[in-house]
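> First residue of the sequence shown: 514, per our numbering; consecutive thereafter. For glycine and all other residues, C-beta sits at the position ideal for the given N, C-alpha and C. My questions will all concern the structure given below.
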Amino acid sequence: IGPRTMEHLESQLGAAEVTLDQATLDRIDGIVPPGTNLNPADAGWAAPEIADSRLRRR
Numbered sequence: 514i515g516p517r518t519m520e521h522l523e524s525q526l527g528a529a530e531v532t533l534d535q536a537t538l539d540r541i542d543g544i545v546p547p548g549t550n551l552n553p554a555d556a557g558w559a560a561p562e563i564a565d566s567r568l569r570r571r
């Protein structure tokens, strides 16, 4: 699911340059720990970026 119009796309392109600081990432991890399945349909599968802690926050 993505932008439906060029205007939508252009308004969102700046988000690609956003970098969250360490405190924000720690807070997010405190709310939803890495590897937590929020959708039961996703149970049993974890992306390598989450499963291997060395790949997080590169």
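1) Which two residues bound the contiguous alpha helix (DSSP H) that contains Arg540?
2) Report the rounded CA-to-CA distance for Asn552 versus Pro561, giving the unit in angstroms.
3) Under 9 Å between the Cβ atoms of Gly515 and Leu522?
4) In chain order, what residues of the same chain have a beta carbon less than 7 Å from the beta carbon of Ala559, not counting five sequence neighbours either side?
5) With respect to the alpha helix (DSSP H) encompassing Ala573, which residues constitute its N-terminal and C-terminal limits?
Let me spell this out:
1) Counting from 1 along the sequence shown, the entry for residue 540 is found at position 27. Residues 535 to 544.
2) Numbered from 1 along the sequence shown, position 39 holds the residue referred to as residue 552. Numbered from 1 along the sequence shown, position 48 holds the residue referred to as residue 561. Cα to Cα, Asn552 sits roughly 17 Å from Pro561.
3) Position 2 of the sequence shown, counted from the start, is the residue given in the question as residue 515. Position 9 of the sequence shown, counted from the start, is the residue given in the question as residue 522. For Gly515 and Leu522, yes; Cβs fall inside 9 Å.
4) Here residue 559 is taken as the residue at index 46 of the sequence shown, counted from 1. Same-chain partners within the cutoff: Gly548.
5) The structure shown does not extend to residue 573, since the chain spans only 514 to 571, so no value can be given for it.
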